[in-house]
Amino acid sequence: NLHFVPVKSVEQQDLKAIRSVRKRLEENRTALANQIRGLAAEYGVVFPLSIKALRSHLPLALEDAENALSPVMRNLLQTLYCDFVSLSEEIDEMTQSVTMLSQQNPKYEAIRNIPGFGPILTAALISEVGAGNQFQNGRQFSAWCGLVPKQNSTGGKSSLGSLSKNGNRELRALLIHGARAVVR
Numbered sequence: 018n019l020h021f022v023p024v025k026s027v028e029q030q031d032l033k034a035i036r037s038v039r040k041r042l043e044e045n046r047t048a049l050a051n052q053i054r055g056l057a058a059e060y061g062v063v064f065p066l067s068i069k070a071l072r073s074h075l076p077l078a079l080e081d082a083e084n085a086l087s088p089v090m091r092n093l094l095q096t097l098y099c100d101f102v103s104l105s106e107e108i109d110e111m112t113q114s115v116t117m118l119s120q121q122n123p124k125y126e127a128i129r130n131i132p133g134f135g136p137i138l139t140a141a142l143i144s145e146v147g148a149g150n151q152f153q154n155g156r157q158f159s160a161w162c163g164l165v166p167k168q169n170s171t172g173g174k175s176s177l178g179s180l181s182k183n184g185n186r187e188l189r190a191l192l193i194h195g196a197r198a199v200v201r
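Going by this note's numbering, the first residue of the sequence shown is number 18, and it counts up by one from there.
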């Protein structure tokens, strides 16, 4: 009754490594965006919360001579903005690499054609599961991802709770986001 973990192929290891680096870059960009917002807020300049909005509003705030930003803070924010743009470009490059690698193998075409599966989710599924031969059925895969309800039973009565949240947290989150995208 032992379930052995299949050895990952070189392709799976490459996809997982790129995804890992991409995730770190996203975390760094989010931290930098929060720092930019915090520093600017000290001077009364408030930016929207989204990354896209920050990228478009920050240059306008730097050019606006009417706001309360000091020359030192303008230079500092300009430097941080350059770092922010650089991180965004690196994330885009990683996304392109993930897309390219996940599209190279024709045996994963069925995964790519599932509604809600973009390049990141496809790459995550390929790098973590591969062909999925280690699962006998969809229920095992769902349980492995943590997408099944907790089972509580006592005195012969069985009740189902919330998601068990066992398994790969990132893959589970991506699958849920993909499902939400389809439902919208």
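Positions of the beta carbon are idealized from the N, C-alpha and C atoms, including for glycine.
query: Whole-angstrom Cβ separation of Met101 and Arg54, contact assumed at under 8 Å?; result: Note that residue 101 is Phe in the sequence shown here, rather than Met. Wrong, their Cβ atoms sit about 11 Å apart, outside the cutoff.
query: Is DSSP giving Ser179 helix, strand or coil here?; result: strand
query: Among Arg36, Leu42, Gly184 and Glu59, which one has its Cα closest to the Cα of Ser103?; result: Leu42
query: Just how far apart, CA to CA, sit Val199 and Ile193?; result: 10 Å
query: Quick check on DSSP: helix, strand or coil for Pro166?; result: strand
query: Using the rule of at least 16 other Cβ atoms within 10 Å of the residue's Cβ for burial, across every protein chain shown, is Leu177 buried or exposed?; result: exposed
query: Should Ala141 be labelled buried (16 or more other beta-carbon atoms within 10 Å of its own) or exposed?; result: buried
query: Measure the alpha-carbon distance for Ser73 versus Gly155 and round it to whole angstroms.; result: 44 Å
query: Taking Cβ to Cβ, would you say Pro136 is nearer than 8 Å to Val115?; result: yes
query: Nearest to Ala127 by alpha carbon, out of Asp109, Met111, Gly147 and Gln113?; result: Gly147
query: Determine the contact status of Val62 and Leu86, defining contact as a CB-CB distance below 8 Å.; result: yes
query: Ala82 to Ala50, Cα distance in whole Å?; result: 22 Å
query: In chain order, what residues of the same chain have a beta carbon less than 6 Å from the beta carbon of Arg129, not counting five sequence neighbours either side?; result: Thr139
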